[in-house]
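Numbering (the working numbering), first residue to last: 949 to 1170.
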C-alpha cells in the first residue's frame, strides 16, 4: 500500500495508526504544489490528503474512512480491544466522527478564512467565532479525558488519539493556548514519547513539538 501525506495535515492520523499496527506501507510526503498536479489528481481528484492506494490500484480517501479500514484489516494489539468489543468500537466511531465533523471542520475557518468571508474585516470575525467554537470543543475533549481517567481520549489507546494529536498541534497556529486544556497538553506530551508516533512524524517530514522541540518553525496546515 501507499499512503499519500503532506506535512502538517490530518494524514498524520492514518500514518500513526499504520505505524501502531506495523502494517507494510510506503509513505509519500507531497509538497503543497503537488496536490494540484496531474500526477496526484489522477490518484485523488479532490487534490487532498490522505489517500491510501492499494496493490490493485483502488484508492481510499478521507481520514476516518482510512482509519476504519486500518482497524478492520490490520487491527493488532494496538487496536484489538476496539475490534473485539462492540461497545468500545462504537465509542471510537463516535469520537472519530466528532473530531472530523466538528473539530477538524472548525479549523477550516482558521486555515482558510477567505472561503467563509469576502473581506478582511469579515474574515477576522469568522476566525473569532471559530476560536470560540474550538474553545468549547477542547473543553469537552479535556473533560472527556478526565471522565475516562486518561491518559487516552477513551478508556484505552484508540485511533481517535492519533487524530486528536494532529488536531492538538494545530492549536499552536491559533491565538489559543493548549496549556488552557491540561489533559490535552498531557496527551500531546504522551503521544510524543510513543516510538510509532515519532516514526510517523519522520515519515511526514515533521518533528515533535511540545515535548522535545520548542523552536520548530510553525508550518501546520489543515
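Glycine included, each C-beta is placed from N, C-alpha and C at the ideal position.
In angstroms with no decimal places, state the Cα-to-Cα distance between residue 1098 and residue 1091. When rounded, the distance between both Cα atoms is 10 angstroms.
Are residue 949 and residue 973 close, meaning C-beta to C-beta below 8 angstroms? Yes, these two residues count as a Cβ contact at 8 angstroms.
Residue burial classification, residue 1055 (beta-carbon count within 10 angstroms, cutoff 16): buried
Does residue 976 come out as helix, strand or coil in the three-state DSSP assignment? Correct three-state label for residue 976: strand.
In angstroms with no decimal places, state the Cα-to-Cα distance between residue 1135 and residue 1120. 15 angstroms
Could you check the C-alpha separation between residue 1008 and residue 1094 for me, to the nearest Å? 34 angstroms
Element boundaries [beta strand (DSSP E), containing residue 954]: 950 to 954
Going straight from the alpha carbon of residue 1032 to that of residue 993, what length do you get? 35 angstroms
Write down the C-beta distance between residue 977 and residue 1117 rounded to the nearest angstrom, noting that I regard them as a contact closer than 8 angstroms. Actually they do not touch by this definition, with Cβ atoms about 16 angstroms apart.
Could you tell me if residue 1019 is buried or exposed, where buried requires 16 or more neighbouring beta carbons within 10 angstroms of its beta carbon? buried
Alpha carbons only, please: which of 1076, 1049 and 969 is nearest the one belonging to residue 1123? 1076
Beta strand (DSSP E) containing residue 1145: first to last residue? Careful: residue 1145 lies outside any beta strand (DSSP E), inside the alpha helix (DSSP H) at 1143 to 1151.
For residue 1040, which residues of its own chain have a beta-carbon under 7 angstroms away from its beta-carbon, when the five flanking residues on both sides are left out? Non-local C-beta neighbours of residue 1040 in its own chain, meaning closer than 7 angstroms and more than five positions away in sequence, comprise 1030, 1102, 1106, 1107 and 1108, ordered along the chain.
Compute the distance between the beta-carbons of residue 1112 and residue 1089, then report whether it is under 8 angstroms. yes
According to DSSP, is residue 1102 helix, strand or coil? coil
Do residue 987 and residue 1022 count as a contact pair if the criterion is CB distance below 8 angstroms? No; because the gap between Cβ atoms is not below 8 angstroms, this pair is not in contact.
Contact set for residue 999: own chain, Cβ-Cβ below 7 angstroms, skip 5 residues either direction: 952, 991, 992, 1007 and 1009
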